[in-house]
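Quick note, the sequence shown lines up with residues 205 to 472 if you use my numbering.
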Amino acid sequence: MSPSSQLPDALREAVAHFASLPQVLIASDFDGVLAPLVLDPMSARAQPGTLEALRALAVLPDVHVAVVSGRDLATLRKLTGLSESDAIVLVGSHGAESSEPLTDGSSTPSSGLGEAEQAALEGATHALEAVVERFGDARVEHKPAGVVLHTRGMDDDEAARASAAALAVPEDVPGVRAMRGKSVVELSVLDVTKGGALGALAQKLGTSATAYFGDDVTDETVFEALDATGGHVTVKVGEGDTAAAYRVDSCEAMPALLKALLEARTTR
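See the structure below:
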């Protein structure tokens, strides 16, 4: 059975058209898309066939590939196992970090933070540590330009109260921005989004269209920026309101989707 035959008709046609375009960027979120969501974030692993397809796409002429995540860059590289030799751009911390410098000035691990940003990060960190003291099952993740509250596995009511406390931190700590995701609240000291980072990358590479696959609220900034009439393909993985043009039921559809894209591009 051809991988494309496993896709909805409209998505299959969109993939075929996208594959015929001259210069393209193919990008995907990691957690919940390439890798199933798990209770322990560090145990997440990409589904068989996903990274292999992305590696194969990345070596095709006029094709650029990126993995875009809320994970910090070092963790994203560790979990994916992708190296510089794979020719796949890694964008971490929602665009605050990138293995490829972006034209919008997004930070890289070597750029560091200014004094005001560092002070804001320290304030946000202390605030989230206080939240964890109140809600013992919550967990804190530290990033170069942010700090994250994880509530996956908690009682729904407790998780909601912990998330509300985290979302209120910017009211008391100037220079901090809150982003809600699936069972997470991220506090960042840089004004970045996945949509802004991916747009900057596409501009730098000179691509004519982008295909993006995401499952989280933070992926909506990408979906909203990519109009299907421009040849872009946006796919929401899972349930929930979305600006994406297409949807698949779960991340289990991703191996077939990426293989269909690889097949269409290879034989175009």
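Glycine included, each C-beta is placed from N, C-alpha and C at the ideal position.
Going by C-alpha positions, F234 is about 32 Å away from D376.
If you ignore the 5 residues before and after V452, its C-beta comes within less than 7 Å of the C-beta of V439, V441, L461, all in its own chain and listed in chain order. The residues T355, in chain order, have a CB closer than 6 Å to that of A363 in the same chain once the five nearest residues on each side in sequence are set aside.
Under the criterion of beta carbons closer than 8 Å, V373 and L391 qualify as touching, at roughly 6 Å. Within 10 angstroms of the beta-carbon of R472 lie fewer than 16 other beta-carbons, which makes it exposed. With respect to the C-alpha of K398, the residue from L332, T329, D420 having the closest C-alpha is D420. Going by DSSP, L277 is part of the alpha helix (DSSP H) stretching over 277 to 284. Between the alpha carbons of E333 and G296 lies a gap of roughly 23 Å. DSSP links K347 through a beta bridge to G350.
Under the three-state reduction of DSSP, G400 is assigned to helix.
Separation of L261 and G299 (C-alpha to C-alpha, rounded to the nearest whole angstrom) is 22 Å. According to DSSP, residue pairing for E301 in a beta bridge involves G296. With a threshold of 16 other beta carbon atoms within 10 Å, T470 falls short and is exposed.
L211 and V219 do touch by the CB rule: their CB atoms are close to 7 Å apart, below 8 Å. DSSP places H268 within a strand segment (E or B) once states are collapsed to three.
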